[in-house]
Amino acid sequence: MRDVAVIGVGMQKWGELWAKSLRDIFVESALLAVDDAGIDHIDSMYVGCMSSGLFSGQEHIGSVLADYLGQKNIPGTRVESACASGGLAFRLAWMEVASGVSDIVLAGGVEKMTDVSGSDATYALATAADMDWEGIHGATFPGLYAMMAVAHMNRYKTTREQLAMVAVKNHKHGAHNSRAQFPFPVTVEQVINSVKVADPLNILDCSPITDGAAAAILVPADMVSKFNKPGVKVIGSGHATDTISLSQREDLTALKAVELSAKRAYEMAGKKPEDIDFAEVHDCFTIAEIIVSESLGFFEAGGGGPAVEAGETDREGKIPINCSGGLKSKGHPVGATGLAQIVELTEQMRGDAGERQVDNSRIGLAQNMGGSGGSSVVHILEVM
Amino acid sequence: MPPSRAWRDYPQRYRLEAARCKQCGKVFYPPRLVCDKCGVREFETFRLKTDGTLATYTIIRTPSQEFAGEAPFALGIVDIEDGVRLMAQIADVEFEELRVGMPVKLEFRRLYSEGSAGVIHYGHKAVPIRS
Amino acid sequence: MRVGIIGYGAHTPRRRIKVEEIAKVWGADAPSYKKGLELKQKSVPALDEDTITLAVEAARNALKRSGGIDSRDIGAVYVGSESHPYAVKPTGVSVAEAIGATPDCHCADFEFACKAGSEGMFVAYGLVKAGLIKYGLGIGADTSQGAPGDALEYSAAAGAAAFIMGADEDKLIATIDESYSWMTDTPDFWRREHKFYPEHGGRFTGEPAYFRTTMGAVNGILEKSGMKPEDFKFAVFHQPNGKFPKRVGKMLGFTPEQIEVGRVVPLLGNTYSGASPIGLTAILDVAAPGDRILMCSYGSGAGSDAFIYTVTERINEVRNLAPTTRWLLDENVMYLEYGEYAKYRRKIRMRGE
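Chains as they are written, first to last, in our numbering: chain F, 71 to 454; chain H, 305 to 435; chain P, 1478 to 1830.
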């Protein structure tokens, strides 16, 4: 297996991109990555996209997007793992380079969510859950996380305010990200008083509906010097699944897929949680970030809430989490999120993160999760 | 949900039929083809009891399309005997009563209907046990 | 061969709405409605309750009191209602499926205004008596509608009662000693197809309809059996309001004491096909071995089914195996305001309708 590095990243401004189609959105970000890397061709590409079928009535997008990117006849693969589609696309791209099958591979993610109504979008997102045994009872995505929140709050006395503080922190960070959908701060009061979605979660606890794409170019580490930018090495990759149904989980207050995918990535990288300088994690809902931060080993079980309250996951804190603004402030075009995390890691590690820059950015971790924790993909990157 | 797809699940939805692994005794609701604990593929069918407790819950305020007009409603995960957990709405409850550990009983209810012309889907909801 | 009830059960929604709450919205005089109808409140089904769900829960309670018969031995499932959820697709199959009586089972839905429940009971009893089936399940269940502001809105309620008929000597809770039906074409109350609310003939629903028919059936069964009102411990009649059963009872020679236990309408409302059947379950909950019970249903259109039951020793063993009707009436309640009630009864026109 060869060492692999990221040598180009790209991501446009995210939001409700009315004038742009799925194809435009993907190609725009992919070209930004291509330009960033200074490559003249791509050997193969992976596209993470949760549901072009339900959102745009379009399948077969491995082919569609290779075509529209102008990369005639290359292998194009659409990857789906609900909201972890992007992270999984990145992992498969890494595998293709690491195995020696290809040298220059594009990993991209895209989601075009605003052509359908809000309730149709809710339905599409709910297909990440167990349709037959949860959806039929009226479960929504926020509802599933709300149930995790109630269990977590019941067992560990995590407070409603601590959940809100995750959103406050991520908005504070995202205010410095010009590409974020909502680059402005919010307060704890605003979060708690925003429209109720599924108790105890309000709308400002929830990641939004967003159009957007992000992309990364991967090459063998020993080819990095041929290109424009400093390389960032992929030192660990881990992937795990867990039960699709929340009611079948062993522990409603933990995310086993996250624990296992992290463990596998840590093992491959020869690192421990303490070695990670900063992370981008999957804050689809505020409670998700709290539980993920525990499952990644940054805090003990039940310690995620107090940690956020104490500022430990702020940009200046012990383990900065979601300096990009996270899904909450940056937006969550489902299939693109995993790649946007790689974009942030790369820019931080190059020292190009501007006002978002963390002081120690040698080793970064990206965690991307599908559904209510049915899948998780973790990558650990290190400055070369 | 198409009629055929709903109909396949009637034994589980209507009668709470579950499957117990003949080797290790793990109970699956809904039933599976292979036991994820011991790998065995033989099961015996039985009906779950209807008494349980709430493992967790929420109140859905923004529902999905099929449940438009029904929100707000309570949804939870119920612990039944045999280590079975299932998701169900919680009906006939004042939201202030909801708590983890609340004793509930599963009752036969409409889950949803496909408009005024489509099939009506039935199943179970959890109602509080009040002595 | 003795044939009778080997299991019985009732089920009602938890929600209730008081007469005052309805009267307030329509500017009506609540005290005079309460007095005139002898009715305080009625049951209201939630959006997730219908004739099928109520029938299933009542049937499950009946199975509990049957001392654990195998539901696969139920050879017929009959549900009588005027609010079957489908116009085409019988309520009975869903009930049979839910209790595990399928596929070896006869099923048919019955309808005859408020007496559809007693019809199901009659036919189930008849098939057992004829030796064609081992056990038969007869259920009366309804989630009836009353037009907003109409007199019927105060009383149209929801509920179900289920009776398993059988001939096993060791299982009989109450024998059916006699049955008799009386009917004529009398247009007192009806609903045309595709209409949401029923129509009625006002005061015509009284003497020429309810009273004439009930008395025809009761006098008929008394004559057929050679019995007199004094021979009975309890009597239950159809109860569209609290006054009619008292008045017809008096006209037939029954005392208020005989009628009171079965007269559940003041706290429940008129459960239509469930009305006299639920009244019967209330009686069985308190009856003693040897007590004789007269039941007479009434369905507009019009007809009455009358039955004479004698309670056996077994009643003492089974009555507490399922929720009692008194518990359903007194303790299992949640009160609604008119707005929530209108939402649950689908009286509010939604988008696309």
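Note that the Cβ used here is the ideal one computed from N, Cα and C, for glycine as well.
CA-CA distance, residue i and residue j?
i          : j          : result
P:Leu-1745 : P:Thr-1801 : 14 Å
F:Ala-268  : F:Thr-192  : 13 Å
H:Val-404  : F:Thr-228  : 15 Å
H:Asp-383  : H:Thr-366  : 25 Å
F:Trp-88   : F:Gly-282  : 11 Å
P:His-1561 : P:Gly-1693 : 28 Å
P:Val-1738 : P:Thr-1579 : 35 Å
F:Lys-333  : F:Gly-308  : 7 Å
H:Pro-306  : F:Met-201  : 13 Å
F:Thr-311  : F:Gly-441  : 11 Å
H:Gln-393  : P:Gln-1518 : 27 Å
F:Pro-390  : P:Arg-1828 : 48 Å
H:Lys-326  : P:Ser-1781 : 54 Å
F:Lys-326  : F:Arg-72   : 29 Å
H:Lys-341  : H:Lys-330  : 7 Å
F:Ala-168  : H:Asp-313  : 44 Å
P:Ile-1529 : H:Arg-319  : 14 Å
P:Arg-1740 : P:Phe-1721 : 10 Å
P:Ile-1641 : P:Asp-1654 : 16 Å
F:Phe-276  : F:Ala-250  : Note that residue 276 of chain F is Cys in the sequence shown, not Phe. Roughly 15 Å separates the two Cα atoms.
F:Tyr-226  : F:Thr-323  : 9 Å
P:Val-1521 : P:Ala-1635 : 6 Å
F:Met-217  : F:Val-428  : 33 Å
F:Arg-420  : F:Ile-346  : 16 Å
F:Gly-306  : F:Leu-330  : 13 Å
F:Ala-284  : P:Lys-1672 : 57 Å
In the DSSP assignment, find the beta strand (DSSP E) that holds residue i and state where it starts and stops.
i          : result
P:Ala-1507 : No beta strand (DSSP E) contains P:Ala-1507, which is instead part of the alpha helix (DSSP H) from 1507–1514.
F:Asn-438  : 433–440
F:Ile-77   : 74–81
P:Lys-1495 : 1492–1495
P:Gly-1615 : 1612–1620
P:His-1583 : 1583–1587
P:His-1488 : 1481–1488
Which same chain residues end up closer than 6 Å to residue i when comparing Cβ atoms and leaving out the 5 residues on each side of it in sequence?
i         : result
H:Phe-399 : Ile-363
H:Pro-407 : Thr-357, Ile-433
Would you kindly report the start and end of the unbroken alpha helix (DSSP H) that includes residue i?
i          : result
F:Val-261  : 258–263
F:Asp-105  : 92–107
P:Pro-1722 : 1720–1729
P:Ile-1650 : Neither: P:Ile-1650 is in no alpha helix (DSSP H) and is coded neither H nor E.
F:Lys-239  : 230–244
F:Glu-417  : 407–420
P:Arg-1537 : 1528–1542
P:Gly-1816 : 1815–1821
H:Gln-316  : 314–319
F:Pro-290  : F:Pro-290 -> not in any alpha helix (DSSP H); beta strand (DSSP E) instead, spanning 282–290.
Only counting the same chain, and skipping five residues up and downstream in sequence, which positions put a Cβ closer than 7 Å to that of residue i?
i          : result
F:Leu-195  : Phe-211
P:Asp-1550 : Lys-1611, Tyr-1612
P:Lys-1535 : The residue asked about is misnamed: residue 1535 of chain P is Ala in this sequence, not Lys. Around P:Ala-1535: Gly-1486, Ala-1487, His-1488, Ile-1616, Ala-1618, Ala-1637, Ala-1638, Ala-1639.
P:Ala-1507 : Val-1496, Glu-1497, Ala-1500
By Cβ distance below 8 Å, which residues in the same chain neighbour residue i in space, the five residues on each side in sequence not counted?
i          : result
F:Met-454  : Ala-75, Ala-291, Val-294, Pro-300, Gly-301, Val-302, Lys-303
P:Val-1810 : Arg-1491, Arg-1492, Arg-1493
F:Glu-320  : Lys-326
F:Ser-198  : Note that residue 198 of chain F is Ala in the sequence shown, not Ser. Cβ neighbours of F:Ala-198 beyond the five flanking positions: Met-120, Ala-152, Cys-153, Phe-211, Gly-440, Gly-441, Ser-442, Gly-444.
Residues bridged to residue i by DSSP?
i          : result
H:Arg-389  : H:Asp-383
F:Lys-303  : F:Ala-75, F:Glu-452
H:Pro-432  : H:Val-408
H:Leu-358  : H:Val-382
H:Arg-324  : H:Val-331, H:Glu-348
P:Ala-1783 : P:Tyr-1657, P:Cys-1773
Is the closest heavy atom of the ligand SAM to the C-beta of residue i under 6 Å?
i          : result
P:Gln-1518 : Looking at this structure, you won't find the ligand SAM or any other ligand, since it has none at all.
Any residues in the segment 390–402 of chain H with a beta carbon nearer than 7 Å to a beta carbon of chain F? Which ones, in chain order?
-> For chain F, the residues of the segment 390–402 of chain H that bring a beta carbon within less than 7 Å of one of its beta carbons are Leu-390, Met-391, Ala-392, Gln-393, in chain order.
Name, going along the chain, the residues of the segment 1571–1600 of chain P whose beta-carbon falls closer than 7 Å to a beta-carbon of chain B.
-> Here chain B cannot be found, since the structure's protein chains are F, H and P.
Going along the chain, which residues of the segment 264–278 of chain F sit with their C-beta nearer than 7 Å to a C-beta in chain H?
-> For the segment 264–278 of chain F, the set of residues with a beta-carbon nearer than 7 Å to any beta-carbon of chain H comprises Lys-266, Val-267, Ala-268, Asp-269, in chain order.
For the segment 350–364 of chain H, enumerate the residues whose C-beta is nearer than 9 Å to any C-beta of chain F, in chain order.
-> Listed by position, the residues of the segment 350–364 of chain H near chain F (Cβ gap below 9 Å) are Ala-359, Thr-360, Tyr-361, Thr-362, Ile-363, Ile-364.
Residues of the segment 1516–1537 of chain P whose Cβ lies closer than 7 Å to any Cβ of chain H, in chain order = Result list: Ala-1523, Leu-1524, Asp-1525, Glu-1526, Asp-1527, Ile-1529, Thr-1530, Val-1533, Glu-1534.
Selection of the segment 308–331 of chain H by Cβ proximity to chain F, strictly under 7 Å | Under the 7 Å Cβ criterion, the segment 308–331 of chain H contributes Asp-313.
With 8 Å as the C-beta to C-beta threshold (strictly closer), list the residues of the segment 310–330 of chain F near chain H in chain order.
-> Correct list: Ser-315, Leu-316, Ser-317, Gln-318, Leu-322.
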